[in-house]
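The structure appears below as structure tokens.
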Amino acid sequence: MISQQYTGFTYTYRKIPSSRQNHYYAFESGLDLMSFVALADLGLIVLPEDENIILISLRGLQSKVLEEYTGRYSRITLCVDDDKAGQLFYSNIKKQYYGLNYCNNVLNAYGVKDWNDLLNIRRMIVLFHGIIIRRCYPL
């Protein structure tokens, strides 16, 4: 049973009836989780197609939330903010989980600290390119 003290929330992004493999993506906040969903829906993030995708909000950097939802050998990708607190959290928690992935390289590539910032930048780029296309090529 999940305790109320540590409860974040989960969102099942994809459930494949024939798959028994769960891939968990853990986010620092619900806003970052939902920004990630928007980026995936736009096709800007590619997720494995043969796995169940379960997203977890950690309600801040609470490792207990991750413990409540996953097992020690679960496939987990940590998607916390790319700041000192997020990096420290990763350093501390990677010892507890076998094969833990850390996806800060995506945030680093765009020079942003969290998934909401990345979504906002991607929206501006799409909007900017849309304006240029409309000006160059009248519809």
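According to this note's numbering, the sequence shown is numbered sequentially starting from 10.
Where is the CB? At the ideal position from N, CA and C, for every residue including glycine.
Residue closest to residue i, alpha-carbon to alpha-carbon, out of the options
{"i": "Gly69", "options": "Ser83, Tyr99, Val55", "result": "Tyr99"}
{"i": "Ile102", "options": "Asn31, Ser72, Ile54, Val115", "result": "Ser72"}
{"i": "His32", "options": "Val115, Cys88, Ser38", "result": "Cys88"}
{"i": "Asn129", "options": "Met43, Arg23, Asn110", "result": "Met43"}
{"i": "Tyr78", "options": "Ile54, Tyr106, Lys93", "result": "Tyr106"}
{"i": "Asp123", "options": "Ser28, Thr21, Phe36, Asp50", "result": "Phe36"}
{"i": "Pro57", "options": "Leu75, Tyr20, Lys104, Tyr34", "result": "Tyr34"}
{"i": "Tyr20", "options": "Phe45, Gln30, Gly108", "result": "Phe45"}
{"i": "Asp91", "options": "Ser83, Tyr22, Asn110, Val121", "result": "Val121"}
{"i": "Lys93", "options": "Gln30, Leu48, Asn113", "result": "Asn113"}
{"i": "Ser83", "options": "Ala49, Arg23, Arg29, Ala118", "result": "Arg29"}
{"i": "Leu109", "options": "Leu127, Leu75, Asn117", "result": "Leu75"}
{"i": "Arg23", "options": "Leu127, Ala118, Asn117, Asp50", "result": "Asp50"}
{"i": "Leu64", "options": "Asp41, Tyr119, Leu53, Ser27", "result": "Asp41"}
{"i": "Asp59", "options": "Ser27, Gly52, Gly17", "result": "Ser27"}
{"i": "Gly39", "options": "Leu67, Leu48, Val55", "result": "Leu67"}
{"i": "Arg131", "options": "Phe18, Gly17, Leu48", "result": "Leu48"}
{"i": "Val55", "options": "Val115, Tyr119, Asp126", "result": "Val115"}
DSSP bridge partner residues for residue i (one or two, in chain order)
{"i": "Phe36", "result": "Ser66, Cys88"}
{"i": "Tyr22", "result": "None, per the DSSP bridge assignment."}
Whole-angstrom C-beta distance between residue j and residue i, which should lie under 8 Å
{"i": "Asp61", "j": "Ile25", "result": "First, the amino acid is wrong: residue 61 is Asn here, not Asp. Indeed they touch by this definition, with Cβ atoms about 6 Å apart."}
key: Every unbroken beta strand (DSSP E) inside the segment 77 to 136 [3 residues or more]   = Note on the segment 77 to 136: whole beta strand (DSSP E) runs with a minimum of 3 residues are 84 to 88, in chain order.
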